[in-house]
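Visitor:
Residue numbers (this note's numbering): 660 to 951.
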């Protein structure tokens, strides 16, 4: 079986093809292809409240191309979702109608709660110690989703309008940080220790830069990488560190979000499984396909 997922985020959009197969009745997933396009819809939305004609044209062209590739792969199931930037855009409904008309693909705009649920659909709990508590942190361009996992179940989940592109544009409300801080303290009251789990393109890149092999980074190591990144100019992060231009300007903001959350929640380590929303969509598609 092969599944496809499109994630239209605030910084980039992704198309993931993933093959699912079973061994002794247990599903396994193998990534066939990942296409990432740095369209950065949030740049328009967080500044002007709507997506510009130029970026609408790019988005429609990208979706037209995605549609053709999806047809070639002959997938068993497919789902396309849009997150924070499209949630906030005043012209999102007409864009979705245009994409449907031009490509035949239906885009769902999902709220923060469903986004968090889909991210957690990766069955991450199978990789965790059942005796431990975990905070799943998914950092995107427009929002951050937090999910608290304790006693082998999700006990709290919330989305915050704190994202890397919002921070880059200085469009995160000061009160939103206080809301995040209060929520973490209330949700984790009486639960200790808590281990962090990180997802999103930036934390995956930070993990590779850390050159770790056990998928874990300590708080102090993460803080050190943040300080190192901050010591370089934007141009140096591209030329010296080899970061892509659309990663080089937001990665510092991503590391700040992770560090802040870990500090508030007194989390000493972060586990990085290198999966995200598109992976969660694939897992959800597989579960629904098998339940038919």
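From the three backbone atoms N, C-alpha and C, an ideal C-beta is built for every residue, glycine too.
Closer than 7 Å by C-beta to residue 771: which residues in its own chain qualify, once you throw out the five before and the five after it? Chain order, please.
Guide: Position 112 of the chain shown holds residue 771. These residues qualify, in order along the chain: 802, 804, 818.
Visitor: Using the C-alpha atoms, what's the distance from residue 788 back to residue 709?
Guide: Sequence index remark: in the chain shown, residue 709 carries index 50 (1-based). Sequence index remark: in the chain shown, residue 788 carries index 129 (1-based). Roughly 43 Å between the two C-alpha positions.
Visitor: Quick one: any contact between the stretch 918–934 and the stretch 863–872, if contact means 3 or more CB pairs under 8 Å?
Guide: yes
Visitor: Look at the alpha carbon of residue 812 and the alpha carbon of residue 820, and state the distance between them as a whole number of angstroms.
Guide: Counting from 1 along the chain shown, the entry for residue 812 is found at position 153. Counting from 1 along the chain shown, the entry for residue 820 is found at position 161. For residue 812 and residue 820, the gap between their C-alpha atoms comes out near 25 Å.
Visitor: Between which residues of its own chain and residue 915 is the CB-CB distance below 8 Å, once the five residues before and five after are set aside?
Guide: In the chain shown, residue 915 corresponds to position 256, counting from 1. Contacts found: 826, 885.
Visitor: In whole angstroms, what separates the C-alpha of residue 692 from that of residue 874?
Guide: Locating residue 692 in the chain shown gives position 33, where the first residue counts as 1. Locating residue 874 in the chain shown gives position 215, where the first residue counts as 1. Per the coordinates, the alpha-carbon of residue 692 lies some 22 Å from the alpha-carbon of residue 874.
Visitor: Just list the beta strand (DSSP E) runs in the stretch 677–707, keeping only unbroken ones of 3 residues or longer that don't cross its boundaries, in chain order.
Guide: 685–696
Visitor: Looking only at DSSP bridge pairs, what is residue 737 linked to?
Guide: Translated into positions along the chain shown, residue 737 becomes position 78. 663, per the DSSP bridge assignment.
Visitor: Exposed or buried, which one is residue 814 when buried takes at least 16 other CB atoms within 10 Å?
Guide: By one-based count along the chain shown, residue 814 stands at place 155. The residue is exposed, with fewer than 16 neighbouring Cβ atoms inside 10 Å.
Visitor: List, from N- to C-terminal side, the alpha helix (DSSP H) runs of 4 residues or more that fit wholly inside the stretch 732–788.
Guide: 743–747, 751–762, 771–778
Visitor: Kindly indicate which residue of 748, 660, 838, 791 has the alpha-carbon position closest to the one of residue 919.
Guide: Here residue 919 refers to the residue found at position 260 when the chain shown is read from its first residue. Ranking 748, 660, 838, 791 by Cα distance to residue 919 puts 838 first.
Visitor: Rounded to whole angstroms, what is the Cα-Cα separation between residue 760 and residue 753?
Guide: Taking the first residue of the chain shown as 1, we reach residue 760 at position 101. Taking the first residue of the chain shown as 1, we reach residue 753 at position 94. Approximately 10 Å between the Cα atoms of the pair.
Visitor: Cβ of residue 734 within 8 Å of Cβ of residue 663?
Guide: Here the question's residue 734 lines up with position 75 in the chain shown. Here the question's residue 663 lines up with position 4 in the chain shown. In this structure, residue 734 sits near residue 663, with a CB-CB distance shorter than 8 Å.
Visitor: Buried or exposed: where does residue 731 fall if 16 or more other Cβ atoms within 10 Å of its Cβ makes it buried?
Guide: The sequence position of residue 731 within the chain shown is 72, counting from 1. So residue 731 ends up on the exposed side.
Visitor: Below 8 Å between beta carbons: does that hold for residue 824 and residue 719?
Guide: As a first step, residue 824 must be located in the chain shown, where it is residue number 165. As a first step, residue 719 must be located in the chain shown, where it is residue number 60. No, these two residues do not count as a Cβ contact at 8 Å.
Visitor: Just to confirm the assignment, what range does the alpha helix (DSSP H) spanning residue 847 have?
Guide: Taking the first residue of the chain shown as 1, we reach residue 847 at position 188. Residue 847 -> no alpha helix (DSSP H), and no H or E assigned at all.
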